[in-house]
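Participant: Shown below is the structure under consideration.
There are 2 protein chains.
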Amino acid sequence: MTPQPIVVGVDLGGTLVRVGALDTRGRLLHYVEAPIEARRGPQEGLALIEDLIQTALDLAVSQAAKPAEDLELAGIGIGATGPIDRSQGAIQNPYTLPTWEDVDILTPLQSRFGVPATLENDADAAALGEYWQGAGQGIQHLAVVTVGTGIGTAFVYRGELYRGLGEVHPEGGHQVIDPQGPPCYCGARGCWESLASGTAIGRRAQDLLASRGEGSGSLLWKLSQEAQKDVDARMVAQAAQAGDPLARQVIEEAGQALGLGLVNLIAFFVPEVILLGGGVMKSYPLFQPVVEAVIARHNVVVPARQVELRLVRLGRQAGVIGAGYAMLQLLNTTFGDGV
Amino acid sequence: MTPQPIVVGVDLGGTLVRVGALDTRGRLLHYVEAPIEARRGPQEGLALIEDLIQTALDLAVSQAAKPAEDLELAGIGIGATGPIDRSQGAIQNPYTLPTWEDVDILTPLQSRFGVPATLENDADAAALGEYWQGAGQGIQHLAVVTVGTGIGTAFVYRGELYRGLGEVHPEGGHQVIDPQGPPCYCGARGCWESLASGTAIGRRAQDLLASRGEGSGSLLWKLSQEAQKDVDARMVAQAAQAGDPLARQVIEEAGQALGLGLVNLIAFFVPEVILLGGGVMKSYPLFQPVVEAVIARHNVVVPARQVELRLVRLGRQAGVIGAGYAMLQLLNTTFGDGV
């Protein structure tokens with residue numbers, strides 16, 4: 001019996017690792033995820049990733065409708081929070097994966113599982129996933145903006161990922177929006193990520209709370225106390241939803257910055273569709289009025305109103321599916337369409 | 340005898356019309372230019388363009404090494420200051436061509452000269468020219484930034500112009516750099532063009548002069564008096580060159596903005612080469628230190644230091660050559676490589 005090839009997609013984020021086993025039509029056979037503490041080092045992180053891959057494979061096999069020997073792993077695609085060195089298969093990211101600098105992620109996985117592996121930026125992987133199976137199917141100018149711990153951008157142009165010089169992944173999240181804004185590790189003041197990412201939202205709320213004191217009566221104090229941790233973007237969204245004025249101010253400011261970053265993306269690319277994803281965009285309805293107002297007020301020299309904003313559809317699984325797709329594209333290029 | 344096909348390239352700017360007759364290898368047979376007063380209306384402007392085309396053709400024919408009947412006009416390519424509607428062949432630009440809104444520029448030229456004509460954005464035409472015959476030959480990720488009356492951006496990716504939805508030309512000149520900056524017709528405050536274009540430089544110098552008064556002793560007063568017109572970017576460059584502190588301040592500020600805009604362009608595209616052109620960039624050495632410092636300070640997450648900044652090589656003729664190339668590309672696509 002001919003074994004059915006499957007691929008594994010790995011999505012390595014700053015706080016979570018997600019792993020999925022996929023068939024060649026993009027059907028997710030099994031999916032697992034686990035928190036990662038990047039600062040405990042790449043060795044521990046890689047061991048976790050290997051365990052999760054093994055788990056996903058075992059579960060995919062045991063739950064398969066067909067007999068176990070019917071499934072055969074063909075490759076592993078990894079999408080990792082950037083920067084990465086794609087040609088070396090190395091993670092170069094001490095920023096959102098503390099201590100992960102010059103980490104070869106492909107060799108250990110290739111030797112453990114005996115199959116090829118490929119590395120993409122996580123935003124690129126998610127964009128490929130949405131283009132293949134999600135909200136961006138068939139879109140010839142597709143921008144994807146992922147707002148989570150940081151802000152990632154990716155661009156799928158005529159069905160292919162846009163890459164810069166030396167195949168590098170662009171980082172639109174570090175465009176400068178406000179040169180008087182807060183400093184970022186990228187060297188800028190007021191880059192997009194420093195103003196509109198989940199990290200920025202949490203920090204801005206913390207700063208405002210600290211300056212106003214507990215007496216401001218913000219719901220954020222209560223949420224932070226209950227959770228026994230610092231205010232984060234999720235709490236800000238929850239408090240804003242409940243009408244908390246301070247949280248609403250933070251959302252308004254972040255929405256302005258989010259909108260301005262989209263204005264610039266539109267000025268440079270004029271895409272047909274911009275997909276919005278990432279944890280922060282789960283609360284997109286809170287941001288939507290200000291984002292739309294900012295876009296409507298700008299860009300009269302390009303048809304900005306024709307650019308459609310959509311939410312991603314695959315959610316947390318986009319990166320996994322897209323990383324698997326990247327591996328499949330590579331297998332097809334290398335070995336023909338037989339896979 | 341087989342006639343040798345030639346094309347005419349037209350570069351319609353906010354203040355000048357340039358026209359060239361080219362052979363199919365990109366050799367400029369004849370070139371003419373004349374000032375245009377756009378606000379006198381499209382009819383007068385179109386008549387001027389027709390006259391210039393006829394002049395360029397006549398001169399190309401009379402000066403040709405071969406007999407006159409040897410040259411045959413095959414088409415006319417136009418690059419016009421945007422926005423344009425490429426599919427309609429119409430200029431939609433009341434901004435830098437006052438009164439030119441919804442002006443069909445192709446039909447009159449096609450009927451007058453009996454050949455096909457095509458319309459491109461001027462920045463796109465200049466980019467094609469530099470890619471074909473200038474400083475961008477063979478560059479697979481080529482960005483071109485034209486700093487003149489406004490700021491135009493164009494991107495030649497793998498040998499083809501990047502176009503957005505509906506084939507529109509992006510307008511990176513209207514990315515927002517500083518939301519506290521001066522208002523622009525595009526709807527933004529502090530867009531790139533409003534901070535670093537020749538117009539912006541002239542206006543900023545005028546404002547600073549007005550606020551400081553003649554007693555500031557700036558050389559700009561003298562230059563403005565001598566020329567009997569308002570201070571413009573050329574005078575600012577001249578005064579800065581001579582060490583005038585106010586002019587140097589204006590150049591420093593514009594250079595900061597120019598650098599930030601390039602930082603953002605690099606973040607989004609990570610091109611191999613950025614070509615700088617337009618009237619203001621004739622004084623690029625004045626801007627260079629601050630531009631390079633701004634880029635060096637930012638973008639640590641992409642290999643910005645590998646991005647090469649070059650000056651355009653074709654200068655004032657880039658648009659004409661590129662517009663001719665656009666026509667040739669179209670003729671080759673439509674009629675095969677026989678032209």
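Protein sequence lines, in the order shown, are assigned to chains B and W.
Under this note's numbering, think of the first position of the first sequence as 1, with each following residue one higher.
Under this note's numbering, think of the first position of the second sequence as 340, with each following residue one higher.
Quick reminder that beta carbons are idealized off the backbone N, C-alpha and C, glycines included.
Keep in mind the model is a prediction, meaning the values are calculated, not measured.
1) Put residue 116(B) into one of helix, strand or coil per three-state DSSP.
2) For a contact meaning CB atoms closer than 8 Å, what does residue 519(W) contact in chain B?
3) Please classify residue 477(W) as buried or exposed, where buried requires at least 16 neighbouring CB atoms within 10 angstroms.
4) Using only alpha-carbon positions, find the residue among 605(W), 609(W) and 667(W) that is nearest to residue 366(W).
5) Within 10 Å of its beta-carbon, does residue 532(W) have 16 or more other beta-carbons around it, so buried, or fewer, so exposed?
6) So what does residue 348(W) bridge to, in DSSP terms?
7) Any idea if residue 62(B) is buried or exposed, counting beta-carbon neighbours within 10 angstroms, 16 or more meaning buried?
8) Output the distance between the C-alpha atoms of residue 339(B) and residue 2(B), rounded to the nearest integer angstrom.
9) To which residues does DSSP link residue 191(B) through a beta bridge?
10) Between the region 430 to 450 of chain W and the region 618 to 631 of chain W, are three or more C-beta pairs nearer than 8 Å?
11) Whether or not the region 504 to 515 of chain W and the region 292 to 308 of chain B are in contact is what I'm after, with contact meaning three or more pairs of Cβ atoms, one per stretch, closer than 8 Å; do they touch?
12) Taking the alpha carbon of residue 20(B) as the reference point, which residue from 41(B), 125(B) and 89(B) has its own alpha carbon closest?
13) Taking residue 583(W) as part of the beta strand (DSSP E), name the residues at either end of that continuous run.
14) Using a Cβ-Cβ distance cut-off of 8 Å, determine whether residue 338(B) contacts chain W.
15) Going by other Cβ atoms of all chains shown within 10 Å of its Cβ, with 16 needed for buried, is residue 178(B) buried or exposed?
16) Short of 6 Å in beta carbon distance, which residues of its chain neighbour residue 380(W), apart from the five on each side in sequence? Order them along the chain.
17) For residue 154(B), does the three-state DSSP call read helix, strand or coil?
18) Classify residue 207(B) as helix, strand or coil using the three-state DSSP reduction.
19) Quick one: is residue 608(W) near chain B, going by C-beta distance under 8 Å?
20) Do the region 4 to 24 of chain B and the region 37 to 56 of chain B meet, that is, are 3 or more Cβ pairs less than 8 Å apart?
21) How about residue 462(W): is its C-beta nearer than 8 Å to some C-beta of chain B?
22) Return the chain-ordered list of same chain residues with a C-beta closer than 7 Å to the C-beta of residue 213(B), the five sequence neighbours on each side being excluded.
23) From what residue to what residue does the alpha helix (DSSP H) around residue 393(W) run?
24) Would you check if the region 553 to 565 of chain W and the region 577 to 597 of chain W touch, i.e. whether three or more CB-CB distances between them fall below 8 Å?
25) Going by CA-CA distance only, name the one from 447(W), 390(W), 451(W) and 608(W) that's closest to residue 481(W).
26) Mark residue 672(W) as exposed unless 16 or more other C-beta atoms lie within 10 angstroms of its C-beta, in which case mark it buried.
27) Whole-angstrom Cβ separation of residue 77(B) and residue 323(B), contact assumed at under 8 Å?
28) Do you know how far the Cα of residue 494(W) is from the Cα of residue 460(W)?
29) Determine the burial state of residue 293(B): buried for a count of at least 16 other Cβ atoms within 10 Å of its Cβ, exposed for fewer.
30) Provide the residue span of the alpha helix (DSSP H) that contains residue 636(W), from first to last.
31) For the beta strand (DSSP E) holding residue 441(W), just list the boundary residues, first then last.
32) Quick one: residues in its chain with C-beta nearer than 7 Å to the C-beta of residue 256(B), no 5 flanking neighbours on either side, listed in chain order?
33) Below 9 Å on C-beta distance, what does residue 366(W) contact in chain B?
34) Please list the partners that residue 332(B) has in chain W, where partner means a Cβ-to-Cβ separation under 7 Å.
35) What residue range does the beta strand (DSSP E) around residue 616(W) cover?
36) Would you mind telling me which residues of chain B sit closer than 7 Å to residue 599(W), beta carbon to beta carbon, in chain order?
Facilitator: Considering the structure as presented:
1) coil
2) 178 and 180
3) exposed
4) That would be 667(W), whose Cα lies nearest to the Cα of residue 366(W).
5) buried
6) 359(W) and 416(W)
7) exposed
8) For residue 339(B), the predicted structure reports a pLDDT of 43, less than 50, and the residue's modelled location is therefore unreliable. A value from the coordinates is still provided. Cα to Cα, residue 339(B) sits roughly 12 Å from residue 2(B).
9) Beta-bridge pairing links residue 191(B) to 176(B).
10) Too few Cβ pairs lie closer than 8 Å, so no.
11) yes
12) 125(B)
13) Careful: residue 583(W) lies outside any beta strand (DSSP E) and carries neither H nor E.
14) Below a pLDDT of 50, predicted positions are generally treated as unreliable, and residue 338(B), at 43, falls in that range; the measurement from the model is reported next regardless. Cβ-Cβ to chain W under 8 Å: no for residue 338(B).
15) buried
16) So the list reads 438, once near-sequence residues are dropped.
17) strand
18) The DSSP-derived three-state label of residue 207(B) is helix.
19) yes
20) yes
21) no
22) none
23) 381 to 402
24) In the pairwise beta carbon analysis, the region 577 to 597 of chain W is classified as touching the region 553 to 565 of chain W: at least three pairs are separated by under 8 Å.
25) 608(W)
26) The residue in question, residue 672(W), is exposed, as its Cβ has fewer than 16 Cβ neighbours within 10 Å.
27) 4 Å
28) 12 Å
29) exposed
30) 623 to 636
31) 440 to 443
32) 290 and 294
33) Residues of chain B passing the Cβ test: none, with the nearest at roughly 31 Å.
34) Within 7 Å Cβ-Cβ: nothing; residue 332(B) doesn't reach chain W, min ~21 Å.
35) 612 to 616
36) 176 and 179
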